[in-house]
Amino acid sequence: MGSSKEKNVARSPSWKGMLGDISARSYFESCQSIADFDYIAFLRFSESKQLTKDQCENQWDEALTHLTSNTHKGLQTKGASLKKRWQKKDHVDNANVFWSAVKRKRELDRGTLEVQVTVDEYWNKRIRNDYSSPAVQDPTTSLVLQQSTSSFASSALSALVPSPAHSIVASTAVVSSSEEDPSNGEPDMYRFRERFKSMKDSYKWKLPSGRYAENILFEIGRHIREQWYNMADKRAREAFSDEDWDAIRSRATAIEEPTLHPVVERYLCGFNLSGSSMKLDKLKAATFIDGMEGADLGPLGLAKEDQIRYELELVRKLMLDWWFLYRKESGPFTAGTLLSEAWWSSHCFSILGHLVDDINSCYAINGEKTGLESSRRKNRHRPEEPVKAIRKKIGTKSDVFIRTLGHTSRDWSVVESGHLWDSFGNKVIGESRIKVSRQLHDILFHRAQETAWNDMFINQAKVIGVVTGGSMLTRMDLVFGGGRYTTVLKGQGLFKMAETLNQFKLNLKVAKLLLQTRGLIINLMTLFNQCIEDNEAESDENEGQDYVNELIASSPSGEYGKE
Numbered sequence: 007m008g009s010s011k012e013k014n015v016a017r018s019p020s021w022k023g024m025l026g027d028i029s030a031r032s033y034f035e036s037c038q039s040i041a042d043f044d045y046i047a048f049l050r051f052s053e054s055k056q057l058t059k060d061q062c063e064n065q066w067d068e069a070l071t072h073l074t075s076n077t078h079k080g081l082q083t084k085g086a087s088l089k090k091r092w093q094k095k096d097h098v099d100n101a102n103v104f105w106s107a108v109k110r111k112r113e114l115d116r117g118t119l120e121v122q123v124t125v126d127e128y129w130n131k132r133i134r135n136d137y138s139s140p141a142v143q144d145p146t147t148s149l150v151l152q153q154s155t156s157s158f159a160s161s162a163l164s165a166l167v168p169s170p171a172h173s174i175v176a177s178t179a180v181v182s183s184s185e186e187d188p189s190n191g192e193p194d195m196y197r198f199r200e201r202f203k204s205m206k207d208s209y210k211w212k213l214p215s216g217r218y219a220e221n222i223l224f225e226i227g228r229h230i231r232e233q234w235y236n237m238a239d240k241r242a243r244e245a246f247s248d249e250d251w252d253a254i255r256s257r258a259t260a261i262e263e264p265t266l267h268p269v270v271e272r273y274l275c276g277f278n279l280s281g282s283s284m285k286l287d288k289l290k291a292a293t294f295i296d297g298m299e300g301a302d303l304g305p306l307g308l309a310k311e312d313q314i315r316y317e318l319e320l321v322r323k324l325m326l327d328w329w330f331l332y333r334k335e336s337g338p339f340t341a342g343t344l345l346s347e348a349w350w351s352s353h354c355f356s357i358l359g360h361l362v363d364d365i366n367s368c369y370a371i372n373g374e375k376t377g378l379e380s381s382r383r384k385n386r387h388r389p390e391e392p393v394k395a396i397r398k399k400i401g402t403k404s405d406v407f408i409r410t411l412g413h414t415s416r417d418w419s420v421v422e423s424g425h426l427w428d429s430f431g432n433k434v435i436g437e438s439r440i441k442v443s444r445q446l447h448d449i450l451f452h453r454a455q456e457t458a459w460n461d462m463f464i465n466q467a468k469v470i471g472v473v474t475g476g477s478m479l480t481r482m483d484l485v486f487g488g489g490r491y492t493t494v495l496k497g498q499g500l501f502k503m504a505e506t507l508n509q510f511k512l513n514l515k516v517a518k519l520l521l522q523t524r525g526l527i528i529n530l531m532t533l534f535n536q537c538i539e540d541n542e543a544e545s546d547e548n549e550g551q552d553y554v555n556e557l558i559a560s561s562p563s564g565e566y567g568k569e
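7 is the number of the first residue of the sequence shown in our numbering; add one for each residue after it.
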């Protein structure tokens with residue numbers, strides 16, 4: 007027996023109850039082969055060595071024989087269940103089959119705690135990889151550059167280096183620094199290398215220094231065992247020259263913010279309460295003003311008159327909601343954690359659920375729904391598997407999805423909410439930052455696929471996500487770098503609601519950010535539709551394709567980075 011196997015077995019404190027009064031080490035010394043191991047030890051060995059049928063055919067057969075012939079009733083049940091599934095399986099990972107059998111079966115009345123702890127460790131690792139290891143999920147989107155104006159601290163699932171404001175963060179695809187091949191138990195770096203080798207130089211981001219951003223990030227990923235690399239960190243920052251760094255920062259802000267129509271801008275400025283002694287009364291009175299009265303719409307361009315009217319209504323609704331909050335003697339903006347996530351969503355930022363109500367077939371769907379794009383990524387290989395070989399995986403859940411429904415439903419934006427903004431809490435760091443950026447990445451790449459990697463879409467597309475926590479919110483913008491494999495994520499800073507009406511200018515900034523967010527979502531859908539139309543003008547392959555509505559068109563999608 008190898009020392010690594012002994013270490014795994016000896017780590018167990020005791021197997022009393024299942025194996026009698028015998029220590030783990032003594033039991034190990036009495037074993038003659040892998041087939042003699044207790045199933046817990048075998049599971050741990052399977053997890054550490056990533057056993058598969060192609061690599062360890064004999065060990066699996068011996069283990070099955072051992073389990074089905076064991077005198078312990080619980081082990082017999084486990085073995086029978088596993089053997090039945092094993093006979094039916096085709097392409098399913100053998101380790102996953104084994105773990106699933108243990109997860110579902112609870113016949114053992116003793117030793118259950120040991121089983122649960124081990125299984126929980128495995129599933130925690132699976133969850134971590136789902137959020138932070140794109141290479142395991144995506145064949146070519148191996149490298150991600152990200153910029154954020156907020157600090158990143160330790161995540162519940164993986165350690166991150168705290169970063170100062172206005173930092174650039176890079177996310178590689180794999181959480182591993184080992185370069186061993188899969189047979190040696192560390193497949194992550196092997197897969198990372200294989201994804202990197204499959205990238206074409208013509209689709210990479212060539213920086214001013216002549217180096218490719220993907221190549222630099224690959225080198226960083228080989229030596230730093232983290233999935234998020236703070237580029238303000240000396241180890242990662244030194245990998246880029248000053249001119250390359252300037253290029254990254256420039257790309258993050260290359261796509262300008264949409265400007266509000268002058269009519270909407272004027273109406274919003276009408277809620278400036280500076281210099282007013284009766285601020286509460288002025289706020290309510292301003293909500294009754296008709297923003298279209300005497301307005302010179304001028305050449306609207308893309309901004310149609312009905313869109314302008316709807317945006318004016320959004321501003322009025324938002325201000326009226328806030329008026330109800332500020333008229334309370336004990337305002338909610340000083341209540342801290344006493345108010346729930348649902349309360350803040352429905353009372354303070356309620357227009358997040360109404361941003362796109364005037365767009366045909368487009369809805370802001372709330373209530374912890376699952377994402378379409380993350381589900382599509384997780385199940386992209388399922389059509390190749392035998393029927394019912396594996397279960398369909400659900401998408402990642404979020405509080406609000408901006409989604410079009412129809413022949414082909416699509417997600418366009420995502421919102422995460424919390425009852426309190428804690429820069430070092432799991433909610434903000436783990437769920438909001440890592441989860442939202444991953445979903446924005448899915449949305450951007452899937453839309454690019456459907457446009458057949460149209461150059462105009464790659465250069466101009468921007469996907470946005472909103473994160474709220476109590477009375478605070480921020481926005482994250484994701485764009486492509488200079489190619490197909492790298493994206494840049496830029497945070498817009500932290501916006502805070504005013505505690506009193508004396509600081510109401512802060513609220514006007516929040517309102518403007520929300521209106522610009524709406525504009526970016528519409529711009530993305532319009533750009534997508536235009537690229538689809540341009541592709542059809544160049545080719546008749548999609549002739550007769552059914553459009554969902556005037557903004558959204560369906561089209562086939564291929565692998566990441568492929569035409």
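Note that the Cβ used here is the ideal one computed from N, Cα and C, for glycine as well. Bear in mind that the values here come from a model prediction, so they are computed numbers and not experimental data.
(request) May I have the straight-line CA-CA distance separating residue 537 from residue 406, to the nearest angstrom? (result) On the sequence shown, residue 537 is found 531 positions in, with the first residue counted as 1. On the sequence shown, residue 406 is found 400 positions in, with the first residue counted as 1. Using only the alpha carbons, I get a separation of about 26 angstroms.
(message) Based on DSSP bridge pairs, tell me the residues matched to residue 419.
(response) Stepping through the sequence shown from its first residue, residue 419 is reached at position 413. Note: residue 419 sits in a beta bridge opposite 408.
(request) Rank 347, 496, 351, 310 by C-alpha distance to the C-alpha of residue 327 and give the top, closest one. (result) The residue you call residue 327 lines up with position 321 of the sequence shown. Comparing Cα-Cα distances from residue 327 to each of 347, 496, 351, 310, the minimum goes to 351.
(message) Just list the residues that DSSP pairs residue 372 with in beta bridges.
(response) The count along the sequence shown starts at 1 and reaches residue 372 at position 366. In the DSSP output, where bridge partners are listed per residue, residue 372 has 406.
(request) Decide if residue 281 is buried, meaning its Cβ has at least 16 other Cβ atoms within 10 Å, or exposed. (result) In the sequence shown, residue 281 corresponds to position 275, counting from 1. Looking at its Cβ environment, which holds fewer than 16 other Cβ atoms inside 10 Å, residue 281 is exposed.
(request) State yes or no: is the C-beta of residue 469 within less than 7 angstroms of the C-beta of residue 446? (result) Numbered from 1 along the sequence shown, position 463 holds the residue referred to as residue 469. Numbered from 1 along the sequence shown, position 440 holds the residue referred to as residue 446. The beta carbons of residue 469 and residue 446 sit closer together than 7 angstroms.
(request) Measuring alpha carbon to alpha carbon, tell me which of 511, 527, 508, 433 ends up nearest residue 450. (result) For this step, residue 450 is matched to residue 444 along the sequence shown. If we check each option's Cα against that of residue 450, 527 comes out closest.
(message) Please state the DSSP three-state secondary structure of residue 328.
(response) As a first step, residue 328 is located in the sequence shown; it is residue number 322 there, counting from the start. Correct three-state label for residue 328: helix.
(message) Output needed for residue 529: all residues of its chain with C-beta closer than 7 angstroms, excluding positions within five of it in sequence on either side, in chain order.
(response) The residue you call residue 529 lines up with position 523 of the sequence shown. Only 264 meet the Cβ criterion.
(request) Mind checking which residues open and close the beta strand (DSSP E) that includes residue 483? (result) Walking along the sequence shown from the start, residue 483 turns up at place 477. Unbroken beta strand (DSSP E) run through residue 483: 478-486.
(request) Grab the span of the alpha helix (DSSP H) containing residue 498 for me, first residue to last. (result) Counting from 1 along the sequence shown, the entry for residue 498 is found at position 492. Premise fails: residue 498 lies in the beta strand (DSSP E), 493-502, not in any alpha helix (DSSP H).
(request) Please name the residue in 523, 506, 514 whose C-alpha comes closest to that of residue 334. (result) Counting from 1 along the sequence shown, the entry for residue 334 is found at position 328. 506 is the residue among 523, 506, 514 whose C-alpha sits nearest the C-alpha of residue 334.
(message) Can you list, in chain order, the residues of its chain with a C-beta nearer than 8 angstroms to that of residue 441? Leave out the 5 residues immediately preceding and following it.
(response) The residue you call residue 441 lines up with position 435 of the sequence shown. Excluding the 5 residues flanking it on each side, residue 441 has same chain C-beta neighbours closer than 8 angstroms at 137, 402, 404, 422, in chain order.
(request) Please state whether DSSP places residue 506 in a helix, a strand or coil. (result) Numbered from 1 along the sequence shown, position 500 holds the residue referred to as residue 506. In this structure, residue 506 counts as coil in the three-state DSSP scheme.
(message) Can you list, in chain order, the residues of its chain with a C-beta nearer than 7 angstroms to that of residue 381? Leave out the 5 residues immediately preceding and following it.
(response) Residue 381 sits at position 375 when you count from the first residue of the sequence shown. For residue 381, where only same-chain residues beyond five positions count, the Cβ hits under 7 angstroms are 399, 400, 401.
(request) Indicate the three-state DSSP secondary structure (helix, strand or coil) for residue 48 in the structure shown. (result) Your numbering for residue 48 matches position 42 in the sequence shown. Because the pLDDT at residue 48 is just 47, under 50, the model does not fix this residue reliably, and the point stays unresolved.
(message) Can you look up residue 518 in the DSSP assignment and give me helix, strand or coil?
(response) Walking along the sequence shown from the start, residue 518 turns up at place 512. In the structure shown, residue 518 sits in a helix (DSSP, three-state: H, G or I).
(request) State the Cα-Cα distance for the pair residue 179 and residue 443, rounded to the nearest angstrom. (result) For this step, residue 179 is matched to residue 173 along the sequence shown. For this step, residue 443 is matched to residue 437 along the sequence shown. Note that residue 179 has pLDDT 34, beneath the 50 cutoff, so the model's placement of it is unreliable and the number below is only indicative. Between residue 179 and residue 443, the C-alpha separation is close to 13 angstroms.
(message) What does the alpha-carbon distance come out to for the pair residue 461 and residue 486?
(response) Along the sequence shown, read from residue 1 onward, the residue named residue 461 stands at position 455. Along the sequence shown, read from residue 1 onward, the residue named residue 486 stands at position 480. Rounded to the nearest angstrom, the two C-alpha atoms are 11 angstroms apart.
(message) Do residue 484 and residue 501 count as a contact pair if the criterion is CB distance below 7 angstroms?
(response) Position 495 of the sequence shown, counted from the first residue, corresponds to residue 501. Position 478 of the sequence shown, counted from the first residue, corresponds to residue 484. The Cβ-Cβ distance between residue 501 and residue 484 does not fall below 7 angstroms.
(request) Using the Cα positions of residue 323 and residue 290, report the straight-line distance between them to the nearest angstrom. (result) Walking along the sequence shown from the start, residue 323 turns up at place 317. Walking along the sequence shown from the start, residue 290 turns up at place 284. The alpha-carbon of residue 323 is positioned some 11 angstroms away from that of residue 290.
(request) Compute the distance between the beta-carbons of residue 210 and residue 200, then report whether it is under 7 angstroms. (result) As a working note, residue 210 is residue 204 in the sequence shown. As a working note, residue 200 is residue 194 in the sequence shown. Between residue 210 and residue 200, the CB-CB gap reaches or exceeds 7 angstroms.
(message) For a quick check, are the C-beta atoms of residue 425 and residue 347 less than 7 angstroms apart?
(response) Position 419 of the sequence shown, counting from 1, holds the residue named residue 425. Position 341 of the sequence shown, counting from 1, holds the residue named residue 347. Yes.
(message) Quick test of your reading: residue 212 and residue 488, contact by CB under 8 angstroms. State the CB separation rounded to the nearest angstrom.
(response) As a working note, residue 212 is residue 206 in the sequence shown. As a working note, residue 488 is residue 482 in the sequence shown. Contact flag correct, Cβ pair sits at about 6 angstroms.
(request) Would you identify the three-state DSSP class for residue 475, choosing helix, strand or coil? (result) What you label residue 475 is simply residue 469 of the sequence shown in a count that begins at 1. Correct three-state label for residue 475: strand.
(message) Is the beta carbon of residue 270 closer than 7 angstroms to that of residue 317?
(response) As a working mapping, residue 317 is identified with position 311 in the sequence shown. As a working mapping, residue 270 is identified with position 264 in the sequence shown. Cβ atoms of residue 317 and residue 270: closer than 7 angstroms.
(request) Report back the beta-carbon spacing between residue 377 and residue 420 to the nearest angstrom; my notes put them in contact at under 8 angstroms. (result) Mapped onto the sequence shown, residue 377 falls at position 371. Mapped onto the sequence shown, residue 420 falls at position 414. Correct: roughly 7 angstroms between the Cβ atoms.
(message) Am I right that residue 332 and residue 274 are in contact with their C-beta atoms under 8 angstroms? What's the rounded C-beta distance?
(response) On the sequence shown, position 326 is the one that residue 332 refers to. On the sequence shown, position 268 is the one that residue 274 refers to. Not confirmed; about 17 angstroms, so no contact.
(request) Give me the Cα-Cα distance between residue 479 and residue 497, rounded to the nearest whole angstrom. (result) Here residue 479 is taken as the residue at index 473 of the sequence shown, counted from 1. Here residue 497 is taken as the residue at index 491 of the sequence shown, counted from 1. Straight-line measurement puts the Cα of residue 497 at about 11 angstroms from the Cα of residue 479.
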